[in-house]
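Number 2 in the numbering used here belongs to position 13 of the sequence shown; there are no gaps in the numbering. C-beta atoms are modelled at their ideal positions from N, C-alpha and C, and glycine is treated no differently. Quantities reported herein were computed from a predicted structural model and do not represent experimental measurements.
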Amino acid sequence: MKIITISLICWLALIPFANADYERNKAVPVEKVLFGQVTSVRNITEQELIQDKNSGWKTFGGALIGGAIGNQFGSGGGRGVATILGAIIGGSIAHDKTPKYHEKTLLLVELMIKVHNGDEYMVIQDLDHRMLFQRKDDVRMIYLANGTVRIDKQM
-10 MKIITISLIC WLALIPFANA DYERNKAVPV EKVLFGQVTS VRNITEQELI
40 QDKNSGWKTF GGALIGGAIG NQFGSGGGRG VATILGAIIG GSIAHDKTPK
90 YHEKTLLLVE LMIKVHNGDE YMVIQDLDHR MLFQRKDDVR MIYLANGTVR
140 IDKQM
C-alpha cells in the first residue's frame, strides 16, 4: 500500500512539467524576416484563468487515502464498510476542496519596433529573461509559418 501511495504522489508531482513553454532552440519554418530598431519597451503582467485538469486524480487520491484510513477501523465485515465509507468521504472531501480553476500570471513584453522601410509594429511576446530588450536595440522580426511573430536581437 505504501509503494502505491508513494508512486502515485511521485507521478502527480511530475504533471506540472508536462506542458513546456516556448523553446527557443526549436526549428520552425520561417516565412519572412524584417529588420528594425526598438523604439519602446514595456513589461506587462496578465492573469489567465486555467481550468484544473487534474481534479479527477486529486479526487482519486483522496478516495485512496480515505479508504486506507477507513481500513484501520473495525474488524470483519465492519472493516469493509469502514473502508468503503472512508473512500467515499475521502473522495468527496478531496473533490470539494480542490479548486476547479487556478490563476496563472503571464510575464509579457510589449515592443514597438520601427523597421527599415519606416513602418512601425507593436509586438507582445513572452518575457525571456535571457533576452531583455532596451530602447534602440537592433532586432529581427521573424514571421513563422504557424502565423506567429517572434522578436530577437540582431547578433
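**Report entry** Given 8 angstroms, three or more beta-carbon pairs between the stretch 82 to 95 and the stretch 63 to 74
**Finding:** Too few Cβ pairs lie closer than 8 angstroms, so no.
Requested in this report: May I have the straight-line CA-CA distance separating Met130 from Lys42, to the nearest angstrom?
Outcome: Counting from one through the sequence shown, the residue named residue 130 turns up at place 141. Counting from one through the sequence shown, the residue named residue 42 turns up at place 53. Pairing Met130 with Lys42, the inter-Cα distance amounts to about 35 angstroms.
Report task. Could you check how far apart the C-beta atoms of Tyr132 and Lys21 are, in whole angstroms? I think they sit under 8 angstroms. Result -> By one-based count along the sequence shown, residue 132 stands at place 143. By one-based count along the sequence shown, residue 21 stands at place 32. Confirmed, Cβ separation roughly 5 angstroms.
Query - Given 8 angstroms, three or more beta-carbon pairs between the stretch 16 to 30 and the stretch 45 to 56 - result: Touching, no, given that fewer than three Cβ pairs across the two stretches are closer than 8 angstroms.
Report task. Compute the distance between the beta-carbons of Ile39 and Glu99, then report whether it is under 7 angstroms. Result -> Here residue 39 is taken as the residue at index 50 of the sequence shown, counted from 1. Here residue 99 is taken as the residue at index 110 of the sequence shown, counted from 1. Contact flag unset, no.
Query raised in the report: Using the C-alpha atoms, what's the distance from Ala83 back to Ile113?
Result: Working through the sequence shown from its first residue, we reach residue 113 at position 124. Working through the sequence shown from its first residue, we reach residue 83 at position 94. If you take the alpha carbons of Ile113 and Ala83, they lie about 39 angstroms apart.
Query raised in the report: Near Val104, which residues of its chain fall below 6 angstroms by C-beta distance, leaving aside the five closest residues on each side in sequence?
Result: Locating residue 104 in the sequence shown gives position 115, where the first residue counts as 1. If the five residues before and after Val104 are omitted, its C-beta is found closer than 6 angstroms to the C-beta atoms of Leu23, Gly25, all from its own chain and listed in chain order.
Report task. Can you tell me which of the three DSSP states Gly107 falls into? Result -> Translated into the one-based positions of the sequence shown, residue 107 becomes position 118. Under the three-state reduction of DSSP, Gly107 is assigned to coil, being neither helix nor strand.
**Report entry** Three-way DSSP call (helix, strand, coil) for Asp141 in this model
**Finding:** For the purposes of this step, residue 141 is identified with residue 152 of the sequence shown, where counting begins at 1. Asp141: strand per DSSP, three-state reduction.
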